[in-house]
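In what follows, a single structure is set out as C-alpha cells and then discussed.
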Amino acid sequence: MCRRIHRLYTRKSGTPCVIFLAGMGDSCETWKIVQNRISQEASTLSYDRAGIGRSPAAAVVPRTCRDLVEELYELLQEIEVEPSCILVGHSFGGLVARLFASLYPHLVSGLVLVDAAPEYKELAYEKVLPENLIAANREYYENPMRNSEKIDKIRSYQEIVDYFRQSDIPVSIITRGLPDVWDEEWPNEEILTIEQHLQADFRRLSTSSKQRMATRSGHYIHHDEPDIVIEEILIMLRGMNT
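Following full-length UniProt numbering, the numbering of the sequence shown begins with 1 at its first residue and continues without gaps.
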C-alpha cells in the first residue's frame, strides 16, 4: 500500500524529519504553508492517507488508528526516514500522532498537537447538546461509515487508551480560541469550552508539555494563524539542537 500512498517528502541533510498528519478527510495540501516554511529548516513529510487526495482507497474498511499508525510506519521505512521525528497532528491526525508515539517511542522526539481531537469527544459533547442532536452525534460516533475515512472511532479511542504511556519528550498543544459554527442549532461556544478543557488534559502526555491558545483561530489553526504552528515547531527543532 505505501508505494501507492501520495506523499510530499523534502530532505534536508542532518536534520530531524517533521511529519505532518492531517485531520480526517484532509489531504496533505492542508499543510502547504507550514510545510513550505519548515522545509527550510528540516526534512519534512506530509502524505495523503488511503482514500484521501491522490492516494487510493484502502482495500478493507473500517480501519482504526492502529491501521493508520502501521501505514505511516511502513511509509517511513520505505523512504528511509532517520529517527527521531517530530509529529505534527491536526484534529484526528493528533490521535494518530499520539498512538504512533506510544507504539514507536524510539522514533519520536516531539509532538505538536494542532487543535487535536480528544478521545471520546463525541460523548463529552452530549453534556451540552440539545435533545434533538444527540442521536445524530451518537450515530457519527458509533458508525464508521458516517465519516470520510471509514474510521472505527470506538476501537480507535480504545487503542489510544490501551497504549497510553507518559513520556518526557516535548509536547506542544495548540488550541483554538474561536468557536467553529457548524450549525445554527449546534452549541458552538459550549463545545469550544469542552474542547479547550479536554485539550488541556493533553498535558498529561509528557512531563515536558505546554498549551498555547491561538486566540484568532478556529479549528484550522494552521490556516488561520500558521505562524503560531511554525513557531512551535521551530522552538522544538531548535531545542533539539542545543
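Ideal placement from N, C-alpha and C gives every residue a C-beta, glycine not left out.
Using a Cβ-Cβ cut-off of 8 Å (strictly less than) and excluding sequence neighbours within five positions of residue i, which residues of its own chain qualify?
i	result
Glu232	Val112, Ser172, Ile174 and Arg212
His222	Thr30, Trp31, Ile33, Val34, His90, Val114 and Val229
Arg7	Cys28, Leu45, Ser46, Tyr47, Asp48, Leu75 and Ile79
Pro130	Glu185 and Pro187
Val161	Glu119
residue 245	Residue 245 lies beyond the stretch modelled for the chain, which goes from 1 to 242, so this question has no answer here.
Asp201	Pro118
Leaving out five residues on either side along the sequence, give the residues of the same chain with a beta carbon under 6 Å from the beta carbon of residue i.
i	result
Pro83	Leu107
Ser39	Thr10
Lys127	none
Tyr140	Arg146
Met236	Ile86, Gly110 and Pro170
Arg66	Glu159
Gly14	none
Arg155	Thr64
Can you tell me the Cβ-Cβ gap for residue i and residue j, rounded? I've got them flagged as a contact below 8 Å.
i	j	result
Phe100	Leu72	6 Å
Leu21	Ala97	5 Å
Asp224	Arg216	6 Å
Gly177	Phe92	At roughly 20 Å, the Cβ-Cβ gap does not stay under 8 Å, so Gly177 and Phe92 are not in contact.
Cys17	Val81	5 Å
Ala58	Lys12	Their Cβ separation, rounded to whole angstroms, is 31 Å, which puts Ala58 and Lys12 out of contact at 8 Å.
Val88	Ile19	7 Å
Near residue i, what residues of its chain come up, given a Cβ to Cβ distance below 7 Å and the 5 sequence neighbours on each side ignored?
i	result
Ser102	Tyr163, Phe164 and Arg165
Met1	Bear in mind that a pLDDT of 45 at Met1, under 50, signals an unreliable position, so the model cannot answer this.
Arg4	Ser55 and Pro56
Asp180	Asn188, Gly218 and His219
Leu198	Pro118, Lys121 and Ala124
Glu190	Val128
Gln196	Thr175
Leu192	Pro179
Gly239	Pro170
Using only CA atoms, which one of the options lies nearest to residue i?
i	options	result
Lys153	Ala58, Arg63, Pro170 and Glu195	Arg63
Ile86	Phe92, Tyr104 and Glu74	Tyr104
Gly94	Ile235, Asn241 and His219	His219
Leu205	Pro170, His6 and Ile52	Pro170
residue 256	Asn241, Val61 and Ser13	What is shown of the chain runs 1 to 242, which leaves residue 256 out entirely.
Gly25	Val88, Met240, Asn132 and Ser148	Ser148
Arg203	Arg138, Ala116 and Glu159	Ala116
Tyr120	Tyr157, Ala59, Gly239 and Asp168	Tyr157
Ser209	Asp168, Thr193, Glu184 and Arg238	Asp168
Asn36	Arg155, Glu190 and Leu234	Leu234
Ile52	Ile194, Gly239 and Ile151	Ile151
Asp183	Leu133, Arg238, Thr15 and Glu142	Leu133
Just reading off the alpha helix (DSSP H) that residue i is part of, what are its end residues?
i	result
Leu198	Asn188 to Ala200
Leu8	Where Leu8 is concerned, there is no enclosing alpha helix (DSSP H), although the beta strand (DSSP E) it sits in stretches over Arg7 to Thr10.
Identify the continuous beta strand (DSSP E) that holds residue i and give its terminal residues.
i	result
Val171	Ser167 to Arg176
Arg238	Not the beta strand (DSSP E): Arg238 falls in the alpha helix (DSSP H), residues Pro226 to Met240.
Thr207	Ser206 to Ala214
Would you list, in sequence order, the uninterrupted beta strand (DSSP E) runs of no fewer than 3 residues that lie entirely inside the UniProt domain "Serine aminopeptidase S33" (17 to 165)? The beta strand (DSSP E) runs lying completely inside the UniProt domain "Serine aminopeptidase S33" (17 to 165) and spanning 3 residues or more are 17 to 21, 43 to 47, 85 to 90 and 108 to 114, given in chain order.
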